[in-house]
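Notes follow once the structure below has been shown.
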Amino acid sequence: MDLLVDIQKTLPGFELDVHFETGQDILGLLGASGSGKSMTLRCIAGIETPDQGRIVLNGRILFDSQKGINLPCQKRKLGYLFQNYALFPNMTVEENIGFGLGDKKRDAQRAIIKKMVTMIKLEGLEKRYPNQLSGGQQQRVALARALAIEPEALLLDEPFSALDDYLRSHMVQQLTETIADYPGVTLFVTHNMDEIYSICNQLVVLSQGKIEAHGGTEDLFRSPPTLISAQLTGCKNFSRANYLSPFELEALDWGIHLITQHELPQKIAYVGIRAHSIEWATDEKRDNVLCGWLKATSETPSRITLYLNVKNETLRQHDQQIQWEITKQTWSALRDKPQPWNLYCHPVDLIIV
Amino acid sequence: MAPFHGSPIFLFIVLDEGKGVICVYTNLRGLDFSPLLISLRAAFIATIVTFFLGIAAACFVSGYRGKFKGLIDGVLTLPLVLPPTVVGFLLLILFGKNGPLGKFLLALGTTVIFSWPATVIAATVVAFPLMYRTVRSAFEQIDQTMIYAARTLGVSEWKIFWKITIPLSWPGVAAGTVLAFARALGDFGATLMIGGNIPGKTLTIPAAIFFAAESGAMGKALIWVILIVLISIIVMTLMNYWTDYQRKMIATISRR
Numbered sequence: 001m002d003l004l005v006d007i008q009k010t011l012p013g014f015e016l017d018v019h020f021e022t023g024q025d026i027l028g029l030l031g032a033s034g035s036g037k038s039m040t041l042r043c044i045a046g047i048e049t050p051d052q053g054r055i056v057l058n059g060r061i062l063f064d065s066q067k068g069i070n071l072p073c074q075k076r077k078l079g080y081l082f083q084n085y086a087l088f089p090n091m092t093v094e095e096n097i098g099f100g101l102g103d104k105k106r107d108a109q110r111a112i113i114k115k116m117v118t119m120i121k122l123e124g125l126e127k128r129y130p131n132q133l134s135g136g137q138q139q140r141v142a143l144a145r146a147l148a149i150e151p152e153a154l155l156l157d158e159p160f161s162a163l164d165d166y167l168r169s170h171m172v173q174q175l176t177e178t179i180a181d182y183p184g185v186t187l188f189v190t191h192n193m194d195e196i197y198s199i200c201n202q203l204v205v206l207s208q209g210k211i212e213a214h215g216g217t218e219d220l221f222r223s224p225p226t227l228i229s230a231q232l233t234g235c236k237n238f239s240r241a242n243y244l245s246p247f248e249l250e251a252l253d254w255g256i257h258l259i260t261q262h263e264l265p266q267k268i269a270y271v272g273i274r275a276h277s278i279e280w281a282t283d284e285k286r287d288n289v290l291c292g293w294l295k296a297t298s299e300t301p302s303r304i305t306l307y308l309n310v311k312n313e314t315l316r317q318h319d320q321q322i323q324w325e326i327t328k329q330t331w332s333a334l335r336d337k338p339q340p341w342n343l344y345c346h347p348v349d350l351i352i353v
Numbered sequence: 001m002a003p004f005h006g007s008p009i010f011l012f013i014v015l016d017e018g019k020g021v022i023c024v025y026t027n028l029r030g031l032d033f034s035p036l037l038i039s040l041r042a043a044f045i046a047t048i049v050t051f052f053l054g055i056a057a058a059c060f061v062s063g064y065r066g067k068f069k070g071l072i073d074g075v076l077t078l079p080l081v082l083p084p085t086v087v088g089f090l091l092l093i094l095f096g097k098n099g100p101l102g103k104f105l106l107a108l109g110t111t112v113i114f115s116w117p118a119t120v121i122a123a124t125v126v127a128f129p130l131m132y133r134t135v136r137s138a139f140e141q142i143d144q145t146m147i148y149a150a151r152t153l154g155v156s157e158w159k160i161f162w163k164i165t166i167p168l169s170w171p172g173v174a175a176g177t178v179l180a181f182a183r184a185l186g187d188f189g190a191t192l193m194i195g196g197n198i199p200g201k202t203l204t205i206p207a208a209i210f211f212a213a214e215s216g217a218m219g220k221a222l223i224w225v226i227l228i229v230l231i232s233i234i235v236m237t238l239m240n241y242w243t244d245y246q247r248k249m250i251a252t253i254s255r256r
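From first to last, the protein sequence lines are chains A and B.
FYI, the numbering used here numbers position 149 of the first sequence as 149, with every residue one higher than the one before it.
FYI, the numbering used here numbers position 1 of the second sequence as 1, with every residue one higher than the one before it.
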C-alpha cells in the first residue's frame, strides 16, 4: 500500500510543487488556507489536472505527464470525503451509499449497503434523505459512500470543518475508529493542528504550495524544522536568535540569553516557545527567565491567554509581545502578584529553527 | 377544419369604450377553428424538440471551457433578442429554394416554406433560447462538488447526468419548458415570414388575431385573444401547482 505524489501545477498567483510518498500510516497535510493542500488532494483524485509530474498508487499510474497518462476520476478508485460531504440530496441514505455500486449485482449491492450502514451505526435511517440527518450523520454517510466502493486510497478534505466543537471531538474519535480498519492509504487534509495530532502518524506541512516539513507527527510538533512549520503546529512566540555557544543562544527580540537542551547548529534564525509551555518562575535570577508586563488577556472557558510585553533594554525598540497560556487556577494565583512577572522557558521546550 | 356545427352558439361581448357601449356579436357557428389546432400542434412539437435540444445545448455550453463560449452562447441566444421578423427572414434564406437546407430538402422532393412544418420550425427556433438559457442557469447552480463526488465513485458521466444533474435542476428544466411552450404558442413574426397565413394550413392563432383585427372583425379577434389567454393561464397555473406539489412533497419528507 503506497502512494507516490510528485506534481507541479501553476495557478494564477500560486505555484503548487509537492513531492511526497506515503504508506499505510495516515498522512496528514497541514497548511493554512490557500497553501495548496486541497488542490493536492484534488489533483490526486483527478478533479484537477497537474501541469506535470507523476501520481502512482500501489504501482498503478494515475497520472504521468511524460507518458501522457491521466486516468479519469472514475477509474482512479479513490474514496473522497468532501468538506461539505456532497451528499446527493435527491437520494436516500442507502441510495447515496449504493450510488457507486452500479456494476455489482443487486444482492451484492444490498449486502454492502447493509454492512456500511451498520459500520456507521445508522441502522433504521436508511430511507432518510440527507437533509433529515444531522451534520455528524451526514458526514458518516459520506464516509460510508466513499468506503463502499472499496477504494485503494481514502482522501479526507477538511472533514470536520463544518461541525461544531462538541461534535467535532466526538467525530474525530469515531472517524479514527472507522478508518483504523481501512487497509489502504489515507490522506487527511486540515488546517487544524489538533485534528492532525490526534488522527495522523505522519505529517506533511504545506505553505504556499511548497512542502515545509515532512515527518512523524510527534517529531514535527516537538521540533519543527522551519519557522512556518513551527507556526502551523501552533507555536505562538518567536524571537530572532543568534548563536553564542553550542548550548546558548541570544534571543534578540526578547533581550535575553537562553540555555538549550540540545546542541545548537551554527546557523540559527529564530527561537520559539509554545504559549502553554511557559512556566511561572518566582526567581528572576535563574537562567531562561523573561520579564513581562501584562497588557491584555483573553479567556476561554478552561484556559486564559495572557499577552505580555517583554522588556528589552538592549534594543530599545518596540516592546515585544509574548503569549502565555495558563489554567484558571494559575491565573487566580498569579493575578494579584506584583509585576513584572517572571516567565521561565524550559530548555526542552525551546523550538530552534 | 370543419366549421362548428350544432345548435347556434352566440357570444356576446360588451366593451365599454369611454362614453358609449359597443356590442360585439359573433356567431361561433361560422368560426373556423383550424388556427387553434395549427397553433397547438406547432407549440407542442416545438416544445418537445426544444426540450431535448435545449438541454443538450445547455449541457454542452456549461461544460465547455474554450474561448468561444461567449460567441456560442450569443449565437444560441440570438433568436431571443432578434426581432421575430429577422429570425423569420433568416429562416427564409436558410430554407428557401436557394438556401442550403432548402436545396437539400428540394433534392428530397419537398419544401417546408409555406407548409405546416414551417410553423413548427419557426416556433422551435424562437422558443429554443428560453429553454437553453433557463436550463443552463439551472445546471450551473448545481454544486460542482456533487458531480466530483459522483465521479470519484466511478459513476459514468451519463448516469451522473440523468441521476444527479437532471433531478437537481428539475425546477429549472420545468420552468424552461413552460416558457418555451408559451413562446412557441405566441409566435407571430417568424411564423408569418416562413409559413405565411394560409388558412387551414399555416394560419396560427396570433396571425388569425392580426388579420381578423385588421379586417375589422373585432369579435373574431377577441375570441382568439380570450382563447390564447385561457390556454396560457391554464398551462402556467398547472405548472405552478405541480412545482408547488413537488416542493411540498420534499418538505413533507424532510419533516418526517
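For every residue, glycine included, the Cβ atom is placed at its ideal position computed from N, Cα and C.
Exposed unless 16 or more other CB atoms sit within 10 angstroms - verdict on residue i
{"i": "residue 10/A", "result": "exposed"}
{"i": "residue 110/B", "result": "exposed"}
{"i": "residue 229/B", "result": "exposed"}
{"i": "residue 140/B", "result": "exposed"}
{"i": "residue 299/A", "result": "exposed"}
{"i": "residue 351/A", "result": "buried"}
{"i": "residue 266/A", "result": "exposed"}
{"i": "residue 71/B", "result": "exposed"}
{"i": "residue 242/B", "result": "exposed"}
{"i": "residue 253/A", "result": "buried"}
{"i": "residue 59/A", "result": "exposed"}
{"i": "residue 207/A", "result": "buried"}
{"i": "residue 21/B", "result": "Note that residue 21/B has pLDDT 41, beneath the 50 cutoff, so the model's placement of it is unreliable and no number is given."}
{"i": "residue 143/A", "result": "buried"}
{"i": "residue 240/B", "result": "exposed"}
{"i": "residue 1/B", "result": "For residue 1/B, the pLDDT reaches just 40, beneath the cut-off of 50, and the residue's location in the model is therefore unreliable, although a value from the coordinates is still provided. The residue is exposed, with fewer than 16 neighbouring Cβ atoms inside 10 Å."}
{"i": "residue 16/B", "result": "Low confidence applies to residue 16/B: its pLDDT is 49, below 50, so where it sits in the model is not reliable enough to give any reading."}
CB contact flag (residue i, residue j, <8 Å)
{"i": "residue 149/B", "j": "residue 80/A", "result": "yes"}
{"i": "residue 247/A", "j": "residue 260/A", "result": "yes"}
{"i": "residue 204/B", "j": "residue 35/B", "result": "yes"}
{"i": "residue 100/A", "j": "residue 159/B", "result": "no"}
{"i": "residue 334/A", "j": "residue 321/A", "result": "no"}
{"i": "residue 280/A", "j": "residue 340/A", "result": "no"}
{"i": "residue 241/A", "j": "residue 271/A", "result": "yes"}
{"i": "residue 212/B", "j": "residue 221/B", "result": "yes"}
{"i": "residue 66/A", "j": "residue 185/A", "result": "no"}
{"i": "residue 43/B", "j": "residue 184/B", "result": "yes"}
{"i": "residue 176/B", "j": "residue 130/B", "result": "yes"}
{"i": "residue 125/B", "j": "residue 91/B", "result": "yes"}
Contacts that residue i makes with chain A (C-beta to C-beta distance below 9 Å)
{"i": "residue 155/B", "result": "74, 99, 100 and 102"}
{"i": "residue 97/B", "result": "What residue 97/B touches in chain A: nothing, since even the nearest Cβ is about 48 Å away."}
{"i": "residue 159/B", "result": "99 and 102"}
Interface partners of residue i on chain A, CB under 7 Å
{"i": "residue 65/B", "result": "Those within 7 Å of residue 65/B in chain A number zero; the least Cβ separation is about 12 Å."}
{"i": "residue 145/B", "result": "82, 84 and 86"}
{"i": "residue 164/B", "result": "88"}
{"i": "residue 281/B", "result": "Since the first residue of chain B shown is 1 and the last is 256, residue 281/B is not available in this structure."}
Enclosing beta strand (DSSP E) for residue i [first to last residue]
{"i": "residue 52/B", "result": "Taken as a continuous stretch (DSSP letters only), residue 52/B belongs to no beta strand (DSSP E), being part of the alpha helix (DSSP H) at 34 to 63."}
{"i": "residue 303/A", "result": "303 to 310"}
{"i": "residue 188/A", "result": "185 to 190"}
{"i": "residue 205/B", "result": "From DSSP, residue 205/B is part of no beta strand (DSSP E) but of the alpha helix (DSSP H) over 205 to 214."}
{"i": "residue 5/A", "result": "3 to 11"}
{"i": "residue 91/B", "result": "Not the beta strand (DSSP E): residue 91/B falls in the alpha helix (DSSP H), residues 84 to 95."}
{"i": "residue 298/A", "result": "289 to 299"}
{"i": "residue 273/A", "result": "270 to 273"}
{"i": "residue 280/A", "result": "279 to 281"}
Closer than 8 Å at the beta carbon, the chain B residues around residue i
{"i": "residue 80/A", "result": "148, 149 and 152"}
{"i": "residue 9/A", "result": "Residues of chain B passing the Cβ test: none, with the nearest at roughly 16 Å."}
{"i": "residue 77/A", "result": "154"}
Residue interval of the alpha helix (DSSP H) (run including residue i)
{"i": "residue 254/A", "result": "Per DSSP, residue 254/A belongs to no alpha helix (DSSP H) and is neither H nor E."}
{"i": "residue 180/B", "result": "170 to 186"}
{"i": "residue 201/B", "result": "Segment: none, residue 201/B is in no alpha helix (DSSP H) and carries neither H nor E."}
{"i": "residue 114/A", "result": "106 to 119"}
{"i": "residue 147/B", "result": "144 to 152"}
{"i": "residue 135/A", "result": "135 to 148"}
{"i": "residue 132/B", "result": "116 to 140"}
Contact list for residue i against chain B, beta-carbon separation under 7 Å
{"i": "residue 230/A", "result": "The contacting residues do not exist; residue 230/A stays about 33 Å from chain B at best."}
{"i": "residue 47/A", "result": "148"}
**Study point:** Whole beta strand (DSSP E) elements within the stretch 199 to 251 of chain A, 3-residue minimum
**Key:** 202 to 207, 210 to 216, 237 to 245 and 248 to 251
Check your understanding: In chain order, which beta strand (DSSP E) runs of at least 3 residues are fully inside the stretch 15 to 51 of chain A?
Key -> 26 to 31
Check your understanding: What are the uninterrupted segments assigned as alpha helix (DSSP H) that are 4 or more residues long and contained completely in the stretch 321 to 349 of chain A, given in chain order?
Key -> 328 to 334
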